[in-house]
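S.K.:
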Amino acid sequence: MRHAVAVSAGLAWRSLLLVRRMPSVFLPALVMPLFILVATAGAFRGIALLPQFEGVSYLAFTIPLATVMGGGFAGVNAGMTLARDIEGGFVDRLVASPAPRTTLLAGPLAAAGLRSLFTTTVVLLAGLVGGAGLPGPAETGVVYLLAMSFAAATACWSMGVALRARTIQAAPLMQVVIFLSVFTSVAYAPREVLTGWLRAVADVNPVTYLLEASRAAQLEQLTWAALWPGLVAVAGLLAVLGAWALTGLATLGRR
Amino acid sequence: MRLAAVQTAALARRAVVGTLRTPQALFPSLFFPLVLMAIFTASFAAAPGRIPGFPPVRGFLDFALSGAVLQGILIGGTVAGAAFALDIEGGFFDRLVASPASRSAILAGRLAGGVALALAQTVLFLGVGIAFGARVQGGAAGVALLLVLAGLLAVAVSGLGIVLALRSGSSEAVQGTFPLFFALLFFSSAFFPRETMTGWFRTVADVNPISHLVEAMRAQVISSGETRTTLIGLGIAVALAAIAVAACFQAFRGRLRGAA
Numbered sequence: 071m072r073h074a075v076a077v078s079a080g081l082a083w084r085s086l087l088l089v090r091r092m093p094s095v096f097l098p099a100l101v102m103p104l105f106i107l108v109a110t111a112g113a114f115r116g117i118a119l120l121p122q123f124e125g126v127s128y129l130a131f132t133i134p135l136a137t138v139m140g141g142g143f144a145g146v147n148a149g150m151t152l153a154r155d156i157e158g159g160f161v162d163r164l165v166a167s168p169a170p171r172t173t174l175l176a177g178p179l180a181a182a183g184l185r186s187l188f189t190t191t192v193v194l195l196a197g198l199v200g201g202a203g204l205p206g207p208a209e210t211g212v213v214y215l216l217a218m219s220f221a222a223a224t225a226c227w228s229m230g231v232a233l234r235a236r237t238i239q240a241a242p243l244m245q246v247v248i249f250l251s252v253f254t255s256v257a258y259a260p261r262e263v264l265t266g267w268l269r270a271v272a273d274v275n276p277v278t279y280l281l282e283a284s285r286a287a288q289l290e291q292l293t294w295a296a297l298w299p300g301l302v303a304v305a306g307l308l309a310v311l312g313a314w315a316l317t318g319l320a321t322l323g324r325r
Numbered sequence: 042m043r044l045a046a047v048q049t050a051a052l053a054r055r056a057v058v059g060t061l062r063t064p065q066a067l068f069p070s071l072f073f074p075l076v077l078m079a080i081f082t083a084s085f086a087a088a089p090g091r092i093p094g095f096p097p098v099r100g101f102l103d104f105a106l107s108g109a110v111l112q113g114i115l116i117g118g119t120v121a122g123a124a125f126a127l128d129i130e131g132g133f134f135d136r137l138v139a140s141p142a143s144r145s146a147i148l149a150g151r152l153a154g155g156v157a158l159a160l161a162q163t164v165l166f167l168g169v170g171i172a173f174g175a176r177v178q179g180g181a182a183g184v185a186l187l188l189v190l191a192g193l194l195a196v197a198v199s200g201l202g203i204v205l206a207l208r209s210g211s212s213e214a215v216q217g218t219f220p221l222f223f224a225l226l227f228f229s230s231a232f233f234p235r236e237t238m239t240g241w242f243r244t245v246a247d248v249n250p251i252s253h254l255v256e257a258m259r260a261q262v263i264s265s266g267e268t269r270t271t272l273i274g275l276g277i278a279v280a281l282a283a284i285a286v287a288a289c290f291q292a293f294r295g296r297l298r299g300a301a
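Here it is, written out as structure tokens:
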């Protein structure tokens, strides 16, 4: 067990070092959440004049979208790192070593969580500079927790894809599914404003509940009734996508 | 002259067929604009008529249609530039230059291919929009003007991609410009009206040529083509296309000099 933790920590550290060694691959994942925050809050701020927004600042409304997307990008990076390691033969060497296989998932998973810690901090600071203000300590903790949980869930999704496709060319599939899952939720407006097909999709999309909980925390409207659906959604995503990643891991060595 | 036209047509056809045979190149320019149009339409359907400054429109889909058209052309232009860079990387460009083919046909062929794809894509987007309830208030003249604007913008964006391809010789470098176009698009009135923006963001959107191009396209859809907006958009599109074509020829000569 101790050995597995040490190997996982080593792999997580290795993933984080890649940010410095291959900035062209990983820098966009760090910059994009900031871009999403500025571009979305600037372009669509007029929509917050609708009464359903109850007078909240659209910048503050957008912060959870940017933190959650930051988690999503961190998750995609975990999948891309694993795909590169499979292509480069590093995974084969690791599988042949006495290290438990699950460390292949646990290391990048931990790195994704740590990366999302960084992007969430950057986004919250940008929001502060823009005048959105910071919520209380407990609410801020919820914003961090939900972003990190989404990073873990999307890392499981991306690593599951990487383990099955075994090529970095599968990266667009990892990204597109995460983009769609976020943008078909309450990314730009609350559910009461959404219409037609998007309202129906958002109602059953777990990311909706995650974003609503994070938004309630950011806007200091956090209650247990607002939080628990987000926690259930995160738990469901982690259970399903964790199983997807683990079953992908089981395919290693079959081909 | 006639031979150059035949060569241009053949190279344009090759550019179109090459893109159609590479679904992974075609997919982003069709998928992302249509999906974003659908998402924005369902997210912001309540905006028209209820937000101060929002232009009078029948529905948000009418407003969003031109943004999708423009986004598709920006992505398609990057793809055209990247395809030209692949020709350079693979040696086809060198073989073409060594052949008796007209030099201008090499550039004109690629540009014409980019324009043809952009026009087909614009017609497809208009068709999808109309199928879901959008109406082009400008009628046939409005559609024609929209296609002219789309064609000119395609020359400008494909031209820029070709310049980068000629200067760098790398498809990755050309594709690397995509985030720039993405930023230009979001910091404009492509998805929401400028009248609802404030502060520095509004200033950036005001000076961003994409805002004026998309507003000229939008004028054909949501009204009968407001003359001033249309003329400003057309002027910018012509200027950008002319600059891009001139830059293409300069980069082409530069590459040939470098190879000599």
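Line order of the protein sequences matches chains A and B.
Each residue of the first sequence is one higher than the last, beginning at 71 in the numbering used here.
Each residue of the second sequence is one higher than the last, beginning at 42 in the numbering used here.
Even for Gly, the Cβ is constructed at its ideal location relative to N, Cα and C.
Under a CB-based cut-off of 8 Å, is residue 258 (chain A) close to chain B?
M.R.: At least one chain B Cβ lies under 8 Å of residue 258 (chain A).
S.K.: For chain B, is any of its Cβ atoms less than 8 Å away from the one on residue 156 (chain A)?
M.R.: Residue 156 (chain A) does not count as touching chain B.
S.K.: Pick out whichever of B:249, B:81, B:69, B:58 has its Cα sitting closest to the Cα of residue 267 (chain A).
M.R.: When each option's Cα is compared against that of residue 267 (chain A), the closest is B:81.
S.K.: Does any residue of chain B bring its CB to less than 8 Å from the CB of residue 130 (chain A)?
M.R.: Residue 130 (chain A) does not count as touching chain B.
S.K.: Once DSSP output is grouped into helix, strand and coil, what is the label at residue 319 (chain A)?
M.R.: Three-state DSSP puts residue 319 (chain A) in a helix.
S.K.: Assign residue 305 (chain A) to buried or exposed, taking buried as 16 or more other Cβ atoms, counted over all protein chains shown, within 10 Å of its Cβ.
M.R.: The residue in question, residue 305 (chain A), is exposed, as its Cβ has fewer than 16 Cβ neighbours within 10 Å.
S.K.: To the nearest whole angstrom, what separates the beta carbons of residue 216 (chain A) and residue 280 (chain A), a pair I think is in contact under 8 Å?
M.R.: Rounded, the Cβ-Cβ distance is 6 Å, consistent with contact.
S.K.: Does DSSP put residue 103 (chain A) in a helix, a strand or coil?
M.R.: The answer is helix: DSSP assigns residue 103 (chain A) an H, G or I state.
S.K.: From residue 209 (chain B) to residue 231 (chain B), what distance separates their C-alpha atoms?
M.R.: Going from the Cα of residue 209 (chain B) to the Cα of residue 231 (chain B) covers about 30 Å.
S.K.: What are the start and end residues of the alpha helix (DSSP H) that includes residue 288 (chain A)?
M.R.: From DSSP, the alpha helix (DSSP H) with residue 288 (chain A) extends over 276–288.
S.K.: Should residue 237 (chain A) be labelled buried (16 or more other beta-carbon atoms within 10 Å of its own) or exposed?
M.R.: Result: exposed.
S.K.: Find the residues of chain A that neighbour residue 16 (chain B), judging by a C-beta separation of less than 8 Å, and give them in chain order.
M.R.: Residue 16 (chain B) falls outside the range modelled here, since chain B spans only 42 to 301, and no answer is possible.
S.K.: Just tell me which of A:74, A:257, A:248 has its CA closest to the CA of residue 307 (chain A).
M.R.: Comparing Cα positions, the closest option is A:248.
S.K.: Name the residues in the region 228–258 of chain B whose C-beta lies less than 9 Å from a C-beta of chain A; which are they?
M.R.: Listed in sequence order: 228, 229, 230, 231, 232, 233, 234, 236, 237, 238, 239, 240, 241, 242, 243, 245, 246.
S.K.: Check whether the region 45–57 of chain B and the region 149–156 of chain B touch, using three or more Cβ-Cβ pairs below 8 Å as the test.
M.R.: Counting Cβ pairs under 8 Å, three or more are found: they touch.
S.K.: Counting contacts by CB-CB distance shorter than 8 Å, is residue 91 (chain B) in contact with chain A?
M.R.: It does; some Cβ of chain A falls within 8 Å.
S.K.: Can you tell me whether DSSP reads residue 218 (chain B) as helix, strand or coil?
M.R.: In the structure shown, residue 218 (chain B) sits in coil (DSSP, three-state: anything other than H, G, I, E or B).
S.K.: Below 7 Å CB to CB, which residues in the same chain sit around residue 246 (chain B) once its five sequence neighbours on both sides are set aside?
M.R.: Excluding sequence neighbours, residue 246 (chain B) sits near 228, 229, 230, 235, 238, 252.
S.K.: Residue 155 (chain B) and residue 56 (chain B): beta carbons closer than 8 Å?
M.R.: Yes, the Cβ-Cβ distance between residue 155 (chain B) and residue 56 (chain B) is below 8 Å.
S.K.: Can the beta-carbon of residue 192 (chain A) be found closer than 8 Å to that of residue 104 (chain A)?
M.R.: In contact: residue 192 (chain A) and residue 104 (chain A) (Cβ atoms closer than 8 Å).
S.K.: List, in chain order, every chain B residue whose beta-carbon is nearer than 8 Å to that of residue 104 (chain A).
M.R.: Within chain B, no residue comes near residue 104 (chain A); the closest Cβ sits about 12 Å away, beyond 8 Å.
S.K.: Residue 74 (chain B) lies in the alpha helix (DSSP H); which residues open and close that run?
M.R.: It spans 64–84 - the alpha helix (DSSP H) in which residue 74 (chain B) sits, taken as one unbroken run.
S.K.: In chain order, which continuous runs of the alpha helix (DSSP H) of length 4 or greater are located wholly inside the region 91–178 of chain B?
M.R.: Listed in chain order, the complete alpha helix (DSSP H) runs (minimum 4 residues) inside the region 91–178 of chain B are 101–131, 133–139, 144–172.
S.K.: For residue 98 (chain A), go through chain B and note every residue whose CB falls closer than 8 Å to its CB, in chain order.
M.R.: Correct list: 220.
S.K.: What does residue 224 (chain B) touch in chain A if you count any residue whose Cβ is under 8 Å from its own?
M.R.: Simply 105, 109.
S.K.: Taking Cβ to Cβ, would you say residue 254 (chain A) is nearer than 8 Å to residue 271 (chain A)?
M.R.: Yes, the Cβ-Cβ distance between residue 254 (chain A) and residue 271 (chain A) is below 8 Å.
S.K.: Run through chain B and tell me which residues come within less than 9 Å of residue 112 (chain A), C-beta to C-beta.
M.R.: The answer, in chain order, is 227, 228, 238, 239, 240, 241, 242, 243, 245, 246.
S.K.: For residue 109 (chain B), which residues of its own chain have a beta-carbon under 8 Å away from its beta-carbon, when the five flanking residues on both sides are left out?
M.R.: Hits under 8 Å: 74, 75, 77, 78, 166, 170.
S.K.: Could you please tell me which residues of the region 126–149 of chain B, in chain order, have their CB closer than 7 Å to any CB of chain E?
M.R.: In the displayed structure, chain E is absent; the protein chains listed are A and B.
S.K.: Check the Cβ-Cβ distances between residue 80 (chain B) and every residue of chain A, and say whether any is below 8 Å.
M.R.: So yes, residue 80 (chain B) belongs to the interface.
S.K.: Is the separation between the beta-carbon of residue 79 (chain A) and that of residue 145 (chain A) shorter than 8 Å?
M.R.: In this structure, residue 145 (chain A) does not lie closer than 8 Å to residue 79 (chain A) by Cβ.
S.K.: Any C-beta of chain A within less than 8 Å: which residues of the region 90–110 of chain B qualify?
M.R.: If the cut-off is 8 Å between Cβ atoms, the region 90–110 of chain B has 91, 92, 93, 94, 95 near chain A.
S.K.: Does DSSP put residue 167 (chain A) in a helix, a strand or coil?
M.R.: Coil.
S.K.: When you compare the CB of residue 117 (chain A) with every CB in chain B, is at least one pair closer than 8 Å?
M.R.: Yes, contact with chain B.
S.K.: Would residue 202 (chain B) and residue 121 (chain B) qualify as a contact pair, given that the criterion is a beta-carbon distance under 8 Å?
M.R.: In contact: residue 202 (chain B) and residue 121 (chain B) (Cβ atoms closer than 8 Å).
S.K.: Quick check: what's the CA-CA separation for residue 295 (chain B) versus residue 198 (chain B)?
M.R.: Distance between the alpha carbons of residue 295 (chain B) and residue 198 (chain B) is about 20 Å.
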